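Encoded as structure tokens, the structure appears first; notes follow it.
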Amino acid sequence: MNQKEYLQEVSDFFAPGNRLDSYFDKYEYRPEQQEMSVKIAEVFSKKEHLLVEAGTGTGKSLAYLVPSILMALKEEEKVIISTNTINLQEQLIKKDIPLLQEIFNLDFKAVLVKGRKNYICIRRLVQFGKSAQLDNQGYNTLSKVHNWVLETETGCRSDLDFRVDYNIWDNISSESDLCLRAACPYYEQCHFIFARDEAQEADILVVNHHILFADLSLRQERGLEGENAVLPPYKQVIFDEAHNIEEVATSYLGFRVNRRGVIKLVESLYNFDQQTGILLQTRAAISSLKRNVKQNLQQNIDNKLVPLVRKVNDLSHSLFNNLIKFIDNKTKGRDRKLRLLESIRAEDYWQDNLMIEFENLLINLNDLGKNLSELLEDVISYEDEIDEIDAVKLELKAKVESILKVGADIAELVNFPEEDYVYWLEGYDEDCSLHSAPINIAQQLQDNLLGKMDSVVLTSATLTVDKSFEFIKDNLGLIEEDVETLEVGSPFDYRNQLCLGVAKDLPQPNHPAFIDAVIASVKEIIQATKGRTLVLFTSYGMLNKVYNSLETQLDSLEVNNIYCQGMKSRQYLVEEFKNKKKAVLLGTSSFWEGVDIPGEELSCVVIAKLPFVVPSEPVISAKLEKLEAASQNSFMKYMVPKAVIKFKQGFGRLIRTKEDKGWIVILDNRVITKRYGKIFLKSLPSGCNILTDNLNSLTDKIRASI
Ligand code: SF4
């Protein structure tokens, strides 16, 4: 198939009277879908990048799958489809791709790639069974896992029908650094290896953003290719739900060192309470060596390594305890995130106490890594004389790398902070963690993704702000001439399907009376709608206050149930809300997106407050400072566009099909009183009816229309 035929085939697929049309009894031709699909085919052909905003209801998954499948078959190259949510991955794998397989009647293969740690490692399971010191419940679980392994078809944690504690799963799951690959006695039965081979053979790989960025960051960090990389080679990537990329990429391009992780690492070398660990395994493995060699190595373990493990353990506990107190003191127990500004680093306590503890830990971590590395070299030099040495070698090598990585991360944070990175501490309960993240991901995305791929397509229903792609382009480093853009509208008739009301008589959100006004307004609205309402908040504090006030008045409010984020999983709450008539759902953060409730069960969405990010969050505050330092207005340049994108996500919860109708009510009147408020309203789909009125009048209108 040449380029021209390829483009024609993509276009024809959606055309009336053609493939898709003849498959369905009632086919609804959507020109927006066809336009998007053809554009993707064009950028694939020209090896360019594309940003495409496709309004809700466009049918964007088919729009990108069709050119992707045809391109993968034509060029015999894999195309990656990356999404942010499991719901969308399941929709692609269980619904959209099987549909296309049937319509196309083509021989193509699509695979859902899960993270490696989702799979059981039979070798580690057997090893753990021999050495673990568990309580009765732990042994019971382990025995169930052994039985499950004999039956499972996937070896995936999600297929377990009983609970396995993370501490156990962590010791028996597949890990790249601990995999013997072809030398493994269980290689032929290994579920992960089977899944990896399936991925090698596939044309389309469906992944989540985390796996894709894990792959990119491993390739960058260690130059991994081939079987050590997370994914097989690829040159085309489609990002759906692309508005989330900034957060995911930021988390993968930095580091996180936490107390639990460090202690777990140290205990995996030698656990004094349980008398387990790789040092004991090594000690046992070398027992077959000649007496003097064995004695030398064992003395090395007993007299050098074991005391070093104890020391690193003690120093880590002491340092993290003092860091928790320091964070508490500095944040006064509030959000418990402490950005490491120069002023903090210059404080006496940091300089005279914490720095000394950090340095002490670093010296001993370094010593431990060095001695462990020497032990590994010794073991390798006698490997012909030691039985079952492969697993010991691998474990030692992985531990050396982990210890050196922890040391390097801590050293970077305390001694060699990078200019374009932000560093901070977090302390929750007993745990404490050290973090780094790039302030701007643009350059790294350019170097590791955009510069390396033939085509990257980023799509979402919410990429533009005030009809412009400028914000996302700036943020992701998409240089003007390298990227094409396309905005396709929604096929929904927003003028007739939706009314957007702005309550003008509420106090401003920073006024002390705002929260009570929100509580009263939500009550009034849900009385008018008889439930069927989703209320979106920006903080748990406000959500809980509203919930506490509503839950005591179910009868007077004439609603059956009020579901509040945190009661159960999001999926459970959404399903309950759908199934129960006259229910109310209250949510924050993740409820602004991905909640899909078609039909009259959801007839009203209330936006309590404009969803600005918290400016004091370490990464956000560093971004804002950087913009200000470059003489830019950080509020208009970052805070507003970021909030607009989230606002559009919230807006998108209401109308999910052409039959849906309802109201969106905004209780934050800054959309009409502030200059920047216009940007929020102008960013919504064209044709929305916007009513600005007192809340009473709005609820009268809602009551009359619903
Ligand atoms: S091949 Fe690797 S992942 Fe599979 S059982 Fe062996 S060590 Fe574990």
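In the UniProt record's numbering, the protein residues as written are 1 to 706.
Virtual Cβ for every residue (Gly too), placed ideally from N, Cα, C.
Everything numeric in this text was worked out from a predicted model, so none of it was measured.
From which residue to which residue does the beta strand (DSSP E) around P245 run?
-> Looking at the sequence provided, one finds Ile at residue 245 rather than Pro. First-last for I245: I245 to Y252, but that is the alpha helix (DSSP H), not the beta strand (DSSP E).
Go ahead and label S705 buried or exposed: buried means 16 or more other beta carbons lie within 10 angstroms of its beta carbon, across all protein chains shown.
-> exposed
Report all residues from its chain with a CB closer than 7 Å to the CB of G594; omit the five preceding and five following residues, and keep chain order.
-> T85 and N87
Alpha helix (DSSP H) containing W148: first to last residue?
-> N136 to E151
Residues that residue 718 bridges to, as DSSP identifies them = The requested residue 718 does not occur in the structure, where the chain is confined to residues 1 to 706.
Taking the CB atoms as reference points, tell me whether D668 and I607 lie closer together than 8 Å.
-> yes
Sorry if obvious, but does the Cβ on L396 come closer than 7 Å to a heavy atom of ligand 1?
-> no
Would you say F194 touches ligand 1, meaning its beta carbon is less than 7 Å from a heavy atom?
-> no
Between the C-alpha atoms of K330 and L269, what's the straight-line distance to the nearest angstrom?
-> 34 Å
C-alpha gap between Q443 and N561, whole angstroms | 48 Å
Going by the C-beta, is I122 closer than 7 Å to any heavy atom of ligand 1?
-> yes
For Y563, verify whether its CB is less than 7 Å away from any heavy atom of ligand 1.
-> no
At a cut of 8 Å, does the region 595–614 reach the region 576–584 through at least three beta carbon pairs?
-> yes
In terms of residue numbering, what span does the beta strand (DSSP E) encompassing L204 cover?
-> This sequence places Ile at residue 204; Leu is not what is there. Per DSSP, I204 belongs to the beta strand (DSSP E) from I204 to N208.
Identify every run of the beta strand (DSSP E) within the region 468–525, keeping only runs that are complete inside it and at least 3 residues long; order them along the chain.
-> 483–488 and 498–503
CB-CB under 6 Å to S460, same chain, minus the five flanking residues each way: which ones, in chain order?
-> E241, A242 and H243
For ligand 1, any of its heavy atoms closer than 7 Å to the Cβ of R157?
-> no
Residue of I238, K60, S22 and N415 minimising C-alpha distance to Q33 | K60
Does the beta-carbon of M36 have 16 or more other beta-carbons within 10 angstroms, so that it is buried, or is it exposed?
-> buried
CB-CB under 7 Å to N105, same chain, minus the five flanking residues each way: which ones, in chain order?
-> none
Leaving out five residues before and five after L50 in sequence, what residues of the same chain have Cβ atoms less than 6 Å from its Cβ?
-> V43, V457 and E484
Using only the heavy atoms of ligand 1, determine whether one of them is closer than 7 Å to the beta carbon of R570.
-> no
Name the DSSP bridge partner or partners of N633?
-> Paired residue(s): none; N633 is not in a bridge.
For Q133, does the count of other Cβ atoms within 10 angstroms reach 16, so buried, or fall short, so exposed?
-> exposed
In angstroms, rounded to a whole number, what distance separates the CA positions of S318 and E247?
-> 32 Å
CB L231 to CB I93, shorter than 8 Å?
-> no
Boundaries of the beta strand (DSSP E) in which Q236 is found, first to last residue | Q236 to F239
For D387, collect the residues of the same chain with a Cβ closer than 8 Å to its Cβ; drop the 5 residues on either side in sequence, then sort them by chain order.
-> A285 and S288
For the candidate residues R656, G531 and L506, whose alpha-carbon lies nearest to that of D693?
-> L506
How about T282 and I301: are their beta carbons less than 8 Å apart?
-> yes
Could you tell me which residues DSSP pairs with S460 in its beta bridges?
-> E53
Any non-hydrogen atom of ligand 1 closer than 7 Å to L180 Cβ = yes
State the CB to CB distance for the pair S11 and V52, rounded to an integer number of angstroms; the pair is presumed to be in contact (CB under 8 Å).
-> In fact, because the Cβ distance is near 16 Å, the residues do not count as touching under 8 Å.
What separation, rounded to the nearest whole angstrom, lies between the Cα atoms of Y421 and P438?
-> 4 Å
Just to confirm, does S174 get its C-beta within under 7 Å of one of the non-hydrogen atoms of ligand 1?
-> yes
In this structure, what does DSSP give as the bridge partners for W663?
-> C499 and C604
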